[in-house]
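Heads up: the protein sequence lines correspond to chains A and B, in order. To convert, note that position 67 of the first sequence is 1130 in my numbering; the numbers rise steadily by one, no gaps. To convert, note that position 47 of the second sequence is 1110 in my numbering; the numbers rise steadily by one, no gaps. The next block holds one structure in the form of structure tokens; read it before the comments.
Protein chains: 2
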Amino acid sequence: MSISADILRGHTDAIILAQLAAGDSYGYEINKNVSQRAGGAYGFKEATLYTAFKRLEQNGLIRSYWGEDGPGARRRYYAITLAGREQLAADRQEWSETKAVLDALIEQKEG
Amino acid sequence: MSISADILRGHTDAIILAQLAAGDSYGYEINKNVSQRAGGAYGFKEATLYTAFKRLEQNGLIRSYWGEDGPGARRRYYAITLAGREQLAADRQEWSETKAVLDALIEQKEG
DNA sequence: CGAGATACCTTGACAGGCGAGGTATCTCGT
DNA sequence: ACGAGATACCTCGCCTGTCAAGGTATCTCG
């Protein structure tokens, strides 16, 4: 967990949408995938994750359904909506711009 | 102002430190420089700026002094401290890691 | 039968961003 | 002489996202 949460603040929704764009998934799995892809440098706290799901669903960017009853604990699956895909595209665009701007503002200058 | 504020949240201090690393400056000028370097895509709100100055000074990362009395409104100048330079180096490192992690998490996947 | 993993969820506190409002000085056009 | 707009500073209180802490239930393995 080498990246502080405040730095990632505001990217939570985009990260979740990006995971769901690859296929339906559920909270625990999404979180594991994120941690893994981040090389252990970042992971959601559970409270953050479920707060985000609620927010995303209220905004119509994802929808949810309970998984089939099988062995193990019940799972709530999430699926990205069309509006969610549009939001994700916008988020990716914004991230691209953010990188350019922050690189310009934080860059190492030799003086 | 195409980049939303939440995305930049947490980067405010690093941006200010980076400006001050190039030389002492004052609020209004820092803000102008930031806007200009960001190509108009981002700028601090005044309240954000002065809140940040106070926070940074309390944390010993910058110090301040009133400029010489000349024509025009008085100016409070800020200077980066040694601790501030160390923080800036850490922030730059973190930003570099953040880019790598977010690129991995938000990337466009063709499936 | 207990520990640990899987899997979900809520509450309340905290911190940063910022809209709105305020003060004072200087310049420029009329 | 006067008003508008730029320069330059500052504070108060709200909003929103994060998260520590706490809670529930199921399955596996020793």
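For glycine and all other residues, C-beta sits at the position ideal for the given N, C-alpha and C. These numbers come from a predicted model, not from an experiment.
Check, Outcome
"Among A/Leu-1124, A/His-1074, A/Asn-1094, the one whose alpha carbon lies nearest that of A/Ala-1146", "A/Leu-1124"
"Cβ-Cβ distance between B/Ala-1142 and B/Asp-1087 below 7 Å", "yes"
"Test item: CB-CB of A/Asp-1166 and A/Ala-1077 under 7 Å", "no"
"Interface flag, A/Glu-1129 vs chain B, CB-CB below 7 Å", "In the sequence as presented, Glu is not what sits at residue 1129 of chain A; that position holds Trp. Chain B, which has no Cβ nearer than 7 Å to the Cβ of A/Trp-1129, makes this no."
"B/Gly-1174 burial status per 10 Å Cβ neighbour count (16 or more: buried)", "Because the pLDDT at B/Gly-1174 is just 41, under 50, the model does not fix this residue reliably, and the value given afterwards should be weighed accordingly. It counts as exposed."
"For B/Tyr-1128, three-class secondary structure by DSSP", "strand"
"Contact set for B/Leu-1071: own chain, Cβ-Cβ below 7 Å, skip 5 residues either direction", "Tyr-1105"
"Alpha carbon of A/Lys-1117 to alpha carbon of A/Tyr-1140, nearest angstrom", "13 Å"
"Whether A/Leu-1182 touches A/Asn-1096 by CB criterion (7 Å)", "Any question about residue 1182 of chain A goes unanswered here, given that chain A covers just 1064 to 1174."
"Closer than 7 Å to chain A by CB, B/Leu-1168", "yes"
"Beta-carbon spacing of A/Ala-1115, A/Thr-1075 below 7 Å", "yes"
"Straight-line Cα distance separating A/Thr-1161 from B/Asp-1069", "11 Å"
"Which of helix, strand or coil DSSP assigns to A/Gly-1174", "Caution applies to A/Gly-1174, whose pLDDT of 42 falls short of 50 and renders its modelled position unreliable; the value that the coordinates give is listed next. Residue state, collapsed to three classes: coil."
"Minimum C-alpha distance to B/Ile-1066 - residue among A/Glu-1170, A/Ile-1169, A/Leu-1168, A/Trp-1158", "A/Trp-1158"
"Completely contained alpha helix (DSSP H) runs for the segment 1089-1115 of chain A, where each covers 4 or more residues", "1090-1100"
"Counted within 10 angstroms of its Cβ, other Cβ atoms place B/Gly-1133 as buried (16 or more) or exposed", "exposed"
"Exposure label - A/Gly-1130; buried when at least 16 CB within 10 Å", "exposed"
"Below-7 Å beta-carbon distance, A/Gly-1073 vs any chain B residue", "yes"
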